[in-house]
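Only one structure is covered here, and it is reproduced in the block below.
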Amino acid sequence: VVEAPRSLPIVLRADAVRRALTNLVDNARRHAAHVTLRLTALNRQALLFVDDDGPGVPQARREAIFRAFEAGAGGGTGLGLAIARDILRAHGGEVTIETSPEGGARARVFLPL
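Rendered as structure tokens:
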């Protein structure tokens, strides 16, 4: 499910940000049956939520999952989320993990407008 306003102009390197967002969505899909994307603008920032209904991420691991080679139980190399965060930070943005209203994890992405 994708929810987004009709027009939300953001200046960025499209290929790099596409990779970051793909990494976040792929990670959610690996751990959940349903993934929802919501995009909105708030205080001169684009705000994207990637919500899933998977098992979530324990509070104690929410920073660790962004470290390179910190692979979780779902397999993978442990690079996808580290790369995503690096790309978003290079664009003046940020990504954090919290609990989703859908019961799993929520990646909260900020990018400046």
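When we follow this note's numbering, the leftmost residue of the sequence shown carries the number 1, and every step to the right adds one.
From the three backbone atoms N, C-alpha and C, an ideal C-beta is built for every residue, glycine too.
So residue i packs on residue j, CB below 8 angstroms; how close in whole Å?
i, j, result
"Arg28", "Ala82", "A quick correction: the sequence has Ala, not Arg, at residue 28. That pair is no contact at about 16 angstroms."
"Phe66", "Thr77", "The pair is not a contact, with the Cβ atoms about 14 angstroms apart (cut-off 8 angstroms)."
Between the Cα of residue i and the Cα atoms of the options, which residue gives the shortest distance?
i, options, result
"Gly93", "Ala107, Ser100 and Thr99", "Ala107"
"Leu111", "Asp26, Ala84, Glu63 and Asp51", "Ala84"
"Val57", "Ala33, Thr96, Val17 and Val109", "Thr96"
"Gln45", "Pro101, Ala60, Glu63 and Leu88", "Leu88"
"Thr40", "Thr99, Ile10, Thr77 and Ser100", "Ile10"
"Val60", "Thr99, Asp53 and Ala68", "It is worth fixing the name first, because residue 60 is Ala in this sequence and not Val. Out of Thr99, Asp53 and Ala68, Thr99 has the C-alpha closest to the C-alpha of Ala60."
So who's on the other strand from residue i, going by DSSP bridges?
i, result
"Leu111", "Ala46"
"Asp52", "Val35"
"Thr40", "Leu47"
>> Threshold first: 4 residues or longer. Then list the alpha helix (DSSP H) segments lying entirely within the stretch 67-107, N to C.
In response: 80-90
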